[in-house]
Amino acid sequence: MMICMRPQSVPEPLRAVDDSGAPALRVTDLAKRYPTGTEALKGVTLEIDSGEFFGLLGPNGAGKSTLIHCVTGLARPTSGDVRVFGHDAVHRYREARLAVGLAPQDLNLDWFLTVAETLDYHGGYFGMARKDRRERAQELLETFGLVAKKDDRTRTLSGGMKRRLVLARALMHRPRLLILDEPTAGVDVELRLELWHYVQRINGEGTTILLTTHYLEEAEQLCSRIAFIADGQIVAEGSGRELADRYGVASLEDAYLELVGRNELSRARIAAEVS
Amino acid sequence: MTPGQIRLLSLTRREVTRFLKIKRQTIGAPLLETFLYMSVFGAALGSRIDTLHGFDYVVFIVPGLMMMGWAMNAFSNNSSSILQQKFQRAIDEQLSSPASPLELLVAFSLGGFLRGMLVSALTFAAAVALVDVGVAHVFVLVPALLLVGTFFSQLGVLVGVRAEQFDDVSFYQTFVLTPLIFLGGVFYSASLLPEPFRTLTKLDPVYYMIDLVRYGVLGYSETNIGLSLAFLFAAAAGLVAVNYRLFASGYRLRA
């Protein structure tokens, strides 16, 4: 089942706001301390330009999901500033949230809804009129190969179908900033490649993308710029090549292994030792 | 419609869709319970009781059943719906939408409120069909039921937001709500109880709610109607204020 490469229709009013020239995401001195005392973010500062395909890499517990949750309103920052296309995402969040689409790592679909209802309700939560919701939902059902499943309850879908639906749902309200939190975790090679092609396509059409992934080849292939996050701080930023140069290694994977202090796992090093 | 109205309607539709999709459990079961109460208490037990304050026993219990249906369903719907969505993390979709705390609170409250209203209305319709009962004071009955529905739907929201496991919800339902409702005089008149049970019943806030509804339906009351309405309004408004603060702060909803 292919993901069709149909161009994404973007309504005129949203394009008009894009003219402001503000970055898609600007995070300044963002800190998040959980009630347990854990400091998940320690003054993160990050800027993603409009139209960029940006990768955020880091080990588990580094702060990637917390950062995403602060941007989308699922976590309350302790301090700092988050702006989406210039709009405050924390206090006066309405415009910011309208501009963001989140495809979370967890397949957090509503069990009571069908596939078509999932898209329709999501559009409603974002204030889309009924006619627009119907047209957009049909477009996404076709794009993601979900037409035959549209009346099925979400809990009956396979893992791959759920992943497609989560991505379709994130795109329903035509976000200008799409956040993909490990979108290819646990999906088969075929779907992964389909998703890669699709997100590259919509990025080419102007949608800014923030991707977190543990697949370094994915980040290397898709992202124009990558940031490493570790222990709640952005520790390095640049293209894959720039990051490799910065750590004095041959590849992004080796740079990442340097970051997490596991350079003994470097493929080049192991190959040299074996030979 | 404005985007805000569409948002509120969609959030509310989601809550209504949820209980309508499992209507055997959410509508059928409460109606069966009501039918059983009327059969067992009304027909079987009532045949041995002459009248209560001039009303057939089965007629006397109808207002309490209406109130109980609205209260229990408003509470259980909202507490379960919110906890389920927290468990599945499906609630993240609504929380990351542009919906305001007030829009979220109204939508989550209305689900249980409307389910309770449906059960209560069907209970009354069944009673009208089966026994000789009407409405004595519609201008007391309507605000009383609306306030009861608001109070218990807000209580359901409060417990659902605070709950971390299903046991937290069933605890309140089994050990707090059910005893308060049953001991509040659904099936009897407190004025007929011996002391200290009469005084103890009057300490139960649900007693005043049942009395309000009974006055609205039958025209019989044991309490001060104006004062009861005022206290019920204050309690419901207080819960709305507490819940609004929870949604605004993101307590146990946002990390």
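Protein sequences appear in the order of chains A and B.
Position one of the first sequence corresponds to residue 138 (the numbering used here), numbered consecutively onward.
Position one of the second sequence corresponds to residue 67 (the numbering used here), numbered consecutively onward.
Virtual Cβ for every residue (Gly too), placed ideally from N, Cα, C.
As the structure is a computational prediction, the values presented were derived from the model and not from experiment.
Pairwise C-alpha distance: residue j and residue i
i: Pro312 of chain A; j: Lys268 of chain A; result: 18 Å
i: Leu97 of chain B; j: Thr165 of chain A; result: 56 Å
i: Ala229 of chain B; j: Glu169 of chain B; result: 21 Å
i: Pro160 of chain A; j: Thr344 of chain A; result: 12 Å
i: Arg399 of chain A; j: Gly377 of chain A; result: 18 Å
i: Val324 of chain A; j: Phe191 of chain A; result: 21 Å
i: Ile291 of chain B; j: Val128 of chain B; result: 19 Å
i: Gly174 of chain A; j: Thr215 of chain A; result: 12 Å
i: Ile339 of chain A; j: Glu401 of chain A; result: 38 Å
i: Thr100 of chain A; j: Ala364 of chain A; result: With chain A covering 138 to 412 only, the question about residue 100 of chain A has no answer from this structure.
i: Arg181 of chain B; j: Phe218 of chain B; result: 12 Å
i: Arg229 of chain A; j: Val326 of chain A; result: 41 Å
i: Leu131 of chain B; j: Leu75 of chain B; result: 30 Å
i: Ala307 of chain B; j: Tyr317 of chain B; result: 14 Å
i: Arg220 of chain A; j: Asp243 of chain A; result: 25 Å
i: Ala321 of chain B; j: Arg213 of chain A; result: 6 Å
i: Glu354 of chain A; j: Trp333 of chain A; result: 11 Å
i: Arg273 of chain A; j: Asn197 of chain A; result: 35 Å
i: Leu314 of chain A; j: Met265 of chain A; result: 17 Å
Pair within 9 Å by beta-carbon distance, residue i and residue j
i: Leu162 of chain A; j: Leu347 of chain A; result: yes
i: Gly341 of chain A; j: His310 of chain A; result: no
i: Ala193 of chain B; j: Val185 of chain B; result: no
i: Val206 of chain B; j: Leu278 of chain B; result: yes
i: Asn309 of chain B; j: Val227 of chain B; result: yes
i: Val225 of chain B; j: Met275 of chain B; result: no
i: Ala114 of chain A; j: Leu256 of chain A; result: An answer regarding residue 114 of chain A cannot be provided, because it is not within the stretch 138 to 412 covered by chain A.
i: Phe263 of chain A; j: Pro167 of chain B; result: no
i: Phe119 of chain B; j: Tyr286 of chain B; result: It should be pointed out that residue 119 of chain B corresponds to His in this sequence rather than to Phe. Yes, the Cβ-Cβ distance between His119 of chain B and Tyr286 of chain B is below 9 Å.
i: Ala140 of chain B; j: Gly222 of chain B; result: yes
i: Tyr258 of chain A; j: Arg264 of chain B; result: no
i: Val355 of chain B; j: Leu77 of chain B; result: It is not possible to answer for residue 355 of chain B, since the shown part of chain B is limited to 67 through 321.
Cβ shell of residue i (< 6 Å), same chain only, five flanking positions each side left out
i: Val197 of chain B; result: Val124 and Val125
i: Asp218 of chain A; result: Thr165
i: Arg329 of chain A; result: Thr321
i: Arg152 of chain A; result: Note that Arg152 of chain A scores a pLDDT of 43, beneath 50, so its modelled location is shaky; the value from the coordinates is reported in the next line. No residues qualify anywhere along the chain.
i: Ser257 of chain B; result: Glu288
Same chain, Cβ closer than 8 Å to residue i, five either side skipped, listed in chain order
i: Ile115 of chain B; result: Tyr123
i: Arg73 of chain B; result: Ser163, Pro164, Ala165 and Glu169
i: Leu259 of chain B; result: Thr267
i: Ser412 of chain A; result: none
i: Ile371 of chain A; result: Val181, Thr182, Leu183, Ala364 and Phe365
i: Ser361 of chain A; result: Glu189, Phe190, Phe191 and Ser376
i: Phe157 of chain B; result: According to the sequence as given, residue 157 of chain B is Ile; it is not Phe. Around Ile157 of chain B: Ile148, Gln151 and Leu319.
Neighbour list for residue i in chain D, Cβ cutoff strictly below 7 Å
i: Phe263 of chain A; result: Note that chain D does not occur in the displayed structure, where the protein chains are A and B.
Cut-off 7 Å between Cβ atoms - residues of its own chain near residue i, not counting five sequence neighbours on either side
i: Phe253 of chain B; result: Phe107, Ile127 and Gly130
i: Gln220 of chain B; result: Ser175, Ala302, Leu305, Val306 and Asn309
Count the CB pairs spanning the region 226 to 245 of chain A and the region 309 to 322 of chain A that are closer than 8 Å, and state whether there are at least three.
yes
### Query
Can you find at least 3 beta carbon pairs, one from the region 137 to 157 of chain B and one from the region 233 to 244 of chain B, that sit closer than 8 Å?
yes
**Prompt:** Do three or more CB pairs link the region 82 to 102 of chain B to the region 385 to 404 of chain A at distances below 8 Å?
**Reply:** no
What residues in the region 245 to 267 of chain B bring their beta carbon closer than 9 Å to a beta carbon of chain A? none
Would you say the region 244 to 261 of chain A touches the region 277 to 291 of chain A, given that touching needs at least three Cβ pairs under 8 Å?
yes
Scan the region 241 to 254 of chain A for residues whose Cβ lies nearer than 8 Å to a Cβ of chain B and list them as they occur along the chain. Pro241, Asp243, Asn245, Leu246, Asp247, Trp248, Phe249, Leu250 and Glu254
For this session: Residues of the region 200 to 226 of chain A with a CB closer than 7 Å to any CB of chain B: list them in chain order, please.
Result: His206, Thr209, Gly210, Leu211, Ala212 and Arg213
- Any residues in the region 75 to 87 of chain B with a beta carbon nearer than 8 Å to a beta carbon of chain A? Which ones, in chain order? Leu75, Ser76, Leu77, Arg79, Arg80, Thr83, Arg84 and Lys87
- Task: Give the residues from the region 219 to 238 of chain B that approach chain A closer than 7 Å (Cβ to any Cβ), ordered along the chain.
- Result: none
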